[in-house]
Amino acid sequence: MSDGVAPNLIAAVDEAKHWDRLMQMAAIGAIPDAEGKMVGVNRACLTPLDRQARRLIIGWAQALGMSVSVDEIGNLFFRHEGTDANAAPVLTGSHMDTQPNGGRFDGIWGVVAGLEAVQAIRDAGVATKRPIEVVAWTNEEGGRFAPGCMGSMAWAGFKPANTWDGVADPDGITFGDALKEHLAEEADIPRRPLGYQPYAYLEAHIEQGPRLEAEGYDIGVVTGIQGSRWFIVELTGETAHAGTAPLSMRKDAIQDMIRAINALNDLMADPTDVLRFTVGRIEVHPNTSNSVADKVRFTIDFRHPDKEVLILNGDAIENTIRTAVKNCDVKVTERFHALPVEFDPIVQNAVSKAASEQGLKQIDLPSGAFHDAQFVVPVCPTGMLFVPCFKGISHNPAEYSKPEELAKGVRVLAQALADLANQ
Ligand code: GLV
Ligand code: MN
Ligand code: MN
C-alpha cells in the first residue's frame, strides 16, 4: 500500500451500505423534526440507547470476524489481526455518544468509518503487517456526565479511571454507578486492560466547521486541536420576596451572575475573533419569577489555540468573577483542561498521501472542537481527517454530511490505515 492506491481497496468501500449503517445508528435515539422526520439524535453515554448502538456495531464487527473487547471505563475495541502478531496496532475510531440535541454524524461516523475501512481492507484482500483496532471511546461529549473525553483521558493515563465516579447526571445518577451497570450489561464481552502503545492513532470526524464545504475541499488534514478549559461557577446569595425586599438589601445571585459574565466578556474580548468563550448552561434556584435567586450555577467553556492565552485568560477567570460580584459568595471549579496539541507528520502524511493518490481536494486545517485524539497525542503519533459538513452545523439535529462525502472519507481512511499498518 505504500506505493499508490490499491484500486480494489477503494472499490471495496460501499457508499450505500455505509450510509445505511449510519442511518441504522441514527435511528437509535432519533429526534423527530416538526414534520416527524427523524433528523437529530439524543444518545447519551452509558444509557440503554448507547448499549443498543454498541450491540449493533458489535454485531457488524463480529460478522466481519473481528474480536471485541472492553476496558474498565467502557472503551470498546474491535481488532483486525495483522500478519505480525507482535507489531503495535494502528488505532482508529471516535465516540458513539451524542449531545442531548445532537446530530447523526458527530463521533459515530468515525467509529462506523473505522469499521467500514477495516471491512474494505479485508474484502480487498489487502494484507497489513500491523493489527488495526477500532475504538469507541466512552463519553466524549460530556453531555450527560461532564467533562467529555473521560474514556480517552483514562486510557491515556491522563487521569485515573475512577476520577469521575462521583460526577452526577441531571437525574442524580453518578458516572460510577452508570459505568458499573453498563459493564454488568456487557459482562459477556472480554475485558482488556486500560491503555497500550499503538503504532499510531487516526480519528475520522466531520469537520463541524464551514471551511471544507465553503472552499470546496473533500478532505481536511487536521494539523492539531486548540486548547479547552471548562469551569463551573457557583454564586450563593439569599432568596427573598420579589415584592418586598428592597434592592439595596438583596443578595441576588442572578444580578451577580450578570456582573460576572459582563466582566468575563471584557476579559475574553478578542479583536482577532480567534478566542472562543461560551456560557452554555445556567441553573437558577429557586427559579421562580417572584423570588430573588439565592443560587446560580453556570458553566464556562473557554478555548484558544495559543497555550499562553489559554493559561493567562483561564487563570484570570476566578479573580475576574470575584472582583465583579457584589453580594454573593463565589466558588469556581475547573473541571477540564486540555492543552492545544499538534498532530504528528507521520499520520498527517498518510492522510494527505491517500487523498492526493485518490485525486481528492485536501487542505490542512486545525480543529476548533476537541476530540479524543487530543488525549492520545502523548501516547503515540496521532492525527485526524475531516470531511465536509453542511454549513459547518454541528451539535444540532441539522448536522449533515452527504453520503458521497462520507464515502470519500472512508476511502482515505482505509488507505491511510493500510499504509500506517504496513510501516
Ligand atoms: C466536542 O464535542 C467539543 O465540544 O468540542
Ligand atoms: Mn465528536
Ligand atoms: Mn461533539
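Letter by letter, the sequence shown follows residues 25 to 447 of the numbering used here.
Ideal Cβ placement from N, Cα and C applies to all residues, glycine included.
None of these values were measured; they are calculated from a predicted model.
- Burial check for residue 398: the Cβ neighbour count within 10 Å reaches 16 or more, so the residue is buried.
- Ligand 2 has a heavy atom closer than 7 Å to the beta-carbon of residue 131.
- Within 7 Å of the C-beta of residue 165 there is at least one heavy atom belonging to ligand 3.
- Within 7 Å of the C-beta of residue 233 there is not a single heavy atom belonging to ligand 1.
- Short note on residue 393: C-beta closer than 7 Å to some heavy atom of ligand 3.
- In chain order, 314 place their CB closer than 8 Å to the CB of residue 267, counting only its own chain and leaving out the 5 sequence neighbours on each side.
- Between the stretch 347 to 354 and the stretch 209 to 222 there are fewer than three C-beta pairs closer than 8 Å, too few to call the two in contact.
- In chain order, 168 and 169 place their CB closer than 7 Å to the CB of residue 193, counting only its own chain and leaving out the 5 sequence neighbours on each side.
- Distance from the C-beta of residue 372 to the nearest heavy atom of ligand 3 is not below 7 Å.
- Using a cutoff of 7 Å, the CB of residue 118 counts as near ligand 2, since one of the ligand's heavy atoms is closer than that.
- Taken from the Cβ of residue 172, at least one heavy atom of ligand 1 lies inside 7 Å.
- By the beta-carbon neighbour count (other beta carbons within 10 angstroms, threshold 16), residue 121 is buried.
- An exposed status is given to residue 47, since fewer than 16 other beta-carbon atoms sit within 10 Å of its beta-carbon.
- For residue 398, the Cβ stays outside the 7 Å cut-off from all heavy atoms of ligand 3.
- Residue 438: member of the alpha helix (DSSP H) spanning 427 to 445, first to last residue.
- Boundaries cannot be given for residue 71, as no alpha helix (DSSP H) includes it and DSSP labels it neither H nor E.
- Taking each of 143, 115 and 98 in turn and checking the Cα distance to residue 45, the smallest one comes out for 143.
- Exclusion of the five residues before and after residue 89 leaves no residue of its chain whose Cβ lies closer than 6 Å to its Cβ.
- For ligand 3, a non-hydrogen atom lies closer than 7 Å to the CB of residue 419.
- The three-state reading of DSSP puts residue 153 in coil, since its state is none of H, G, I, E or B.
- The alpha-carbon separation between residue 274 and residue 263 amounts to approximately 8 Å.
- The beta carbons of residue 43 and residue 427 sit about 4 Å from each other, so the pair counts as a contact at 8 Å.
- By a beta-carbon distance limit of 8 Å, residue 299 does not contact residue 148. Their separation comes to about 45 Å.
- For residue 86, the secondary structure class from DSSP, reduced to helix, strand or coil, is helix.
- In this structure, residue 252 places its C-beta atom within 8 Å of the C-beta atom of residue 362.
- Under the three-state reduction of DSSP, residue 419 is assigned to coil, being neither helix nor strand.
- If you draw a straight line from the Cα of residue 286 to the Cα of residue 152, it is about 56 Å long.
- With a cut-off of 7 Å, the C-beta of residue 265 is classified as distant from ligand 2, since no heavy atom of the ligand falls inside that distance.
- Note: residue 259 is bridge-paired with 320 and 354 in the DSSP secondary-structure output.
- Under DSSP, residue 411 takes part in a beta bridge, and its partners are 230.
- For residue 123, the CB falls within less than 7 Å of some heavy atom of ligand 3.
- Less than 8 Å divides the Cβ of residue 416 from the Cβ of residue 234.
- Within the DSSP secondary-structure output, residue 265 pairs in a beta bridge with 315.
- In the structure shown, residue 249 falls within a strand segment according to DSSP collapsed to helix, strand and coil.
- Residue 46 is not bridged by DSSP to any residue.
- Buried is the label assigned to residue 74, since at least 16 other Cβ atoms lie within 10 Å of its Cβ.
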